[in-house]
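The block underneath contains the structure these notes are about, expressed in C-alpha cells.
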Amino acid sequence: MTGFMPINPKPFLQGLAGQTVIVKLKWGQEYIGFLQSTDSYMNIQLANTEEFVDGKNTGQLGEVLIR
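Mapping of the sequence shown onto full-length UniProt numbering: position 30 corresponds to residue 30, and the numbering continues sequentially without gaps.
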C-alpha cells in the first residue's frame with residue numbers, strides 16, 4: 001500500500017511552467033495552453049490557448065490570463 005503524500009500547489013504549478021497544461025474552471029470551461037507563468041495568488045498565464053466548452057472546441061484564444 002502506498003501512502004498519500006500531499007503536495008503544495010504553488011510550487012507544483014510553478015514546476016509546470018513551460019509545459020502544455022489543461023485548466024478546468026468550476027463553471028465547466030477548459031483551457032489548454034502553454035503555461036507561461038503563475039504568481040503567489042495562483043493567477044495563471046497561458047499562451048497559444050484553446051477554449052473548450054462542454055467538450056467542444058470554441059476556438060483559439062492566444063494569450064490568456066486566468067484569475
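Virtual Cβ for every residue (Gly too), placed ideally from N, Cα, C.
Integer-rounded CB distance, given that residue j should sit under 8 Å from residue i
| i | j | result |
| --- | --- | --- |
| N48 | R67 | With a Cβ gap of about 19 Å, N48 and R67 do not count as contacting. |
| G28 | V64 | Contact flag wrong, Cβ pair sits at about 16 Å. |
| L46 | G33 | 3 Å |
Buried or exposed (CB count within 10 angstroms, at least 16 for buried), residue i
| i | result |
| --- | --- |
| T38 | buried |
| L35 | buried |
| G3 | exposed |
Distance, residue j Cα to residue i Cα
| i | j | result |
| --- | --- | --- |
| P9 | S40 | 11 Å |
Report the residue ranges of all beta strand (DSSP E) runs contained in full by the region 37-63; include only those spanning at least 3 residues, in chain order. For the region 37-63, whole beta strand (DSSP E) runs of length 3 or above, ordered along the chain, are 44-53.
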